[in-house]
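A.B. asks:
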Amino acid sequence: MADETVNIAPNEKETNGVQQQQQQQEFPRQGFTHNHHSDFHEMTIGQYAQAFGGALQPGAWRPYEHRKLANPAPLGLSAFALTTFVLSAINMHARGVSAPNVVVSLAFGYGGLVAAGNTFGATALGSYGGFWISYGILLTPEWGITAPDGPYKGDVASVLGFFLTGWFIFTTVLLLCTLRSTVAFFLLFLFLDLAFFFLAMEQYAADLGNETASLALQKTGGLFGFLAAFAAWYNALAGIQDSSNSFFQVPVIHFPWSEAARERRASKSERAQA
């Protein structure tokens, strides 16, 4: 009688349990322990984190299991914030300073840094890094692009207005992608959008010879630029802070219609019923 070979299938649940343990050992939990609102340190593989400005993530996203480099978003946000802060101070004529040439060094050396890690972050920081480099080129006297006797003689204000209007439109596109993110993340792009708008209007007013309106629009754009800079620093701080380097964490507030807010309301409702 021929020997019969019997293949016994392992218990599916036990196998899945072992595989899950192996995955958890192979892919440690995400180390973004920045605050209790997002709870990235509680994320296991297969789960999604909530929107977080400190990582330039406007919506639900899967944490990086194999990140070899640090979170690049705070670097890009900090570079953008500092360069914007200095330019905004000049736009507001702080302490009587109105020449923007000092921004050239920041635009080339710091503001032009590009940080990537996700589609939105790569698009935003990569583009604004390009903005600062191109703006630095426009302000470099040796290039002569915006010189009174340069190629745009008599039309420099209009050309700069076109330049800033393009960035206003681009920022509006990004702003629409933050409506389900955090309040601080949304405010960053709202303030920046308004800054580009008023600075573009300033150039058009200057082209029409209305110096009073031009100055008022420039200072208004500088004010919103200030607000955008501090909003960028706030989001950068949220991305840098964790329990290992800070005794407190800045609050990360989600919009009421966001997924995170709905989950918190559902959790509170369940606890109340219990």
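Under full-length UniProt numbering, the first residue of the sequence shown is numbered 1, with each subsequent residue one higher. Backbone N, C-alpha and C define an ideal beta-carbon position, used for all residues, glycine too. Computed from a predicted structure; not experimentally measured.
1) Helix, strand or coil: how does DSSP classify THR178 here?
2) Quick one: using the 10 Å Cβ neighbour count with 16 as the cut-off for buried, is VAL252 buried or exposed?
3) Could you check if PHE185 belongs to the surroundings of the ligand PLP, using beta carbon to heavy atom distance under 7 Å?
4) Could you pull out every residue in the same chain whose Cβ sits closer than 8 Å to the Cβ of ASP207, ignoring the five residues on either side in sequence?
5) Excluding the five sequence neighbours on either side, which residues of its own chain have a C-beta within less than 8 Å of the C-beta of VAL97, listed in chain order?
6) Please name the residue, chosen from PHE163, SER105, PRO256, GLN203, that lies closest to SER181 on a Cα-to-Cα basis.
7) Have a look at PHE108 and THR84 and give me their C-alpha separation to the nearest angstrom.
8) Does the beta-carbon distance from PHE224 to ALA200 come in below 8 Å?
9) Measure the alpha-carbon distance for SER267 versus ILE169 and round it to whole angstroms.
10) Exposed or buried, which one is ASP149 when buried takes at least 16 other CB atoms within 10 Å?
11) Can you give me the C-alpha to C-alpha distance between ALA205 and GLY126, rounded to a whole angstrom?
12) Any contact between the stretch 138-145 and the stretch 173-193? By contact I mean 3 or more CB pairs, one from each, below 8 Å.
13) Going by CA-CA distance only, name the one from VAL86, ALA213, GLY221, ALA274 that's closest to THR165.
14) Would ALA184 and ASN235 be called neighbours here (beta carbons separated by less than 8 Å)?
15) Strictly by DSSP, which residues pair up with HIS254?
16) Mapping the DSSP letters down to three states, classify LYS268 as helix, strand or coil.
17) May I ask you to report which of helix, strand or coil DSSP gives GLY209?
18) Taking the continuous alpha helix (DSSP H) assigned at THR119, which residues delimit it?
19) Measuring CB to CB, does GLY112 end up less than 8 Å from ILE133?
20) So, for LEU87: in the same chain, excluding its five sequence neighbours on each side, which residues have a beta-carbon less than 7 Å away from its beta-carbon?
21) Going by the CB atoms, is the gap between ALA124 and residue 275 shorter than 8 Å?
22) Does DSSP put GLY221 in a helix, a strand or coil?
23) In angstroms with no decimal places, state the Cα-to-Cα distance between TYR135 and GLY129.
24) Please report the residue range of the alpha helix (DSSP H) in which PHE247 lies.
25) With 16 as the cutoff for other CB atoms within 10 Å, does GLY239 come out buried or exposed?
26) Please look up how many angstroms separate the CB atoms of LEU175 and ALA228, rounded, as I've assumed it's under 8 Å.
C.D. replies: Concretely, from the data shown:
1) Residue numbering aside, residue 178 sits at position 178 when the sequence shown is read from its first letter. Coil, per DSSP.
2) Residue 252 sits at position 252 when you count from the first residue of the sequence shown. Flag for VAL252 reads buried.
3) What this structure holds is no ligand at all, so the ligand PLP is not there to describe.
4) Here residue 207 is taken as the residue at index 207 of the sequence shown, counted from 1. Closer than 8 Å at Cβ, skipping near neighbours: ASP155, ALA157, SER158, GLY161.
5) Taking the sequence shown and counting its residues from 1, one reaches residue 97 at position 97. Answer for VAL97: ALA89, ILE90, listed in chain order.
6) Reading the sequence shown from its first residue, position 181 is the one you call residue 181. Ranking the options by Cα distance to SER181, first place goes to PRO256.
7) Along the sequence shown, one-based indexing puts residue 108 at 108. Along the sequence shown, one-based indexing puts residue 84 at 84. Between PHE108 and THR84, the C-alpha separation is close to 13 Å.
8) By 1-based counting over the sequence shown, the position of residue 224 is 224. By 1-based counting over the sequence shown, the position of residue 200 is 200. No; because the gap between Cβ atoms is not below 8 Å, this pair is not in contact.
9) Counted from its first residue, the sequence shown places residue 267 at position 267. Counted from its first residue, the sequence shown places residue 169 at position 169. Taking the straight line from one Cα to the other gives about 39 Å.
10) Along the sequence shown, read from residue 1 onward, the residue named residue 149 stands at position 149. Classification of ASP149: exposed, given that the 10 Å Cβ count is below 16.
11) Within the sequence shown, the letter at position 205 stands for residue 205. Within the sequence shown, the letter at position 126 stands for residue 126. Each residue's alpha carbon lies about 30 Å from the other.
12) no
13) As a working mapping, residue 165 is identified with position 165 in the sequence shown. When each option's Cα is compared against that of THR165, the closest is GLY221.
14) For the purposes of this step, residue 184 is taken as residue 184 along the sequence shown, with counting starting at 1. For the purposes of this step, residue 235 is taken as residue 235 along the sequence shown, with counting starting at 1. Going by C-beta atoms, ALA184 is nearer than 8 Å to ASN235.
15) Translated into the one-based positions of the sequence shown, residue 254 becomes position 254. Bridge partners of HIS254: THR182.
16) The residue labelled residue 268 in the question sits at position 268 within the sequence shown. Of the three classes helix, strand and coil, the one that applies to LYS268 here is helix, per DSSP.
17) Numbered from 1 along the sequence shown, position 209 holds the residue referred to as residue 209. Three-state result, GLY209: coil.
18) Against the sequence shown, residue 119 aligns to sequence position 119. That run of the alpha helix (DSSP H) goes 119-139.
19) Counting from 1 along the sequence shown, the entry for residue 112 is found at position 112. Counting from 1 along the sequence shown, the entry for residue 133 is found at position 133. It is a contact, given that the beta carbons lie within the stated cut-off.
20) Position 87 of the sequence shown, counting from 1, holds the residue named residue 87. Excluding residues within five positions, the ones whose Cβ falls inside 7 Å are PRO100, VAL103, GLY225.
21) A query on residue 275 cannot be resolved here, the shown segment of the chain reaching from 1 to 274 and no further.
22) Against the sequence shown, residue 221 aligns to sequence position 221. Residue state, collapsed to three classes: helix.
23) Along the sequence shown, read from residue 1 onward, the residue named residue 135 stands at position 135. Along the sequence shown, read from residue 1 onward, the residue named residue 129 stands at position 129. Straight-line Cα distance between these residues: approximately 10 Å.
24) Numbered from 1 along the sequence shown, position 247 holds the residue referred to as residue 247. It is not in any alpha helix (DSSP H) - PHE247 carries neither H nor E in the DSSP assignment.
25) On the sequence shown, position 239 is the one that residue 239 refers to. So GLY239 ends up on the buried side.
26) Translated into positions along the sequence shown, residue 175 becomes position 175. Translated into positions along the sequence shown, residue 228 becomes position 228. Contact doesn't hold; Cβ gap of about 11 Å is too wide.
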